[in-house]
Structure formats: C-alpha cells, structure tokens
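**Q**
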Amino acid sequence: MAANPERRYALEEYLELERTSEERFEFRDGEIFCMSGVSEEHAEIET
C-alpha cells in the first residue's frame, strides 16, 4: 500500500482558515501547523 503524499496548501486556503477559526496557525512552505495556546502566566506578562 502506497503512502499518500503530504498535502500542500495554497496561501489563500491558509488565510481562509485563519479568518474562520478561533485557533491560530502557522503557514510554512505549503504546510499548516497548529500553534499551541498561551499559558495564563504568559498572558499576564504580555498585558
């Protein structure tokens, strides 16, 4: 059984995902990665 090739996404697909999702993502070389959330301590330091 052959493995499926990794899917590459267009920039427009990534931007649409960013607009419609509550999560944050990173787009790199056609791949989309889910970014981890921020801890409460980090959020407190940032504000």
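Under the working numbering, read the sequence shown as residues 189 to 235, first letter to last.
No residue lacks a Cβ here, since even glycine has one placed at the ideal position from N, Cα and C.
These numbers come from a predicted model, not from an experiment.
From what residue to what residue does the beta strand (DSSP E) around ARG245 run?
**A** Not covered by the structure: residue 245. The range shown for the chain is 189 to 235.
**Q** I think TYR202 touches PHE215, with their Cβ atoms under 8 Å apart; what is that distance to the nearest whole Å?
**A** Taking a contact as a CB-CB distance under 8 Å, the pair TYR202 and PHE215 counts as one, their CB atoms being some 4 Å apart.
**Q** Taking the continuous beta strand (DSSP E) assigned at GLU214, which residues delimit it?
**A** 213–216
**Q** Mind checking who GLU219 pairs with in its DSSP beta bridge?
**A** ARG216
**Q** So PHE237 packs on GLU206, CB below 8 Å; how close in whole Å?
**A** Summary: the structure shown does not reach residue 237, with the chain confined to residues 189 through 235, and so no result is reported for it.
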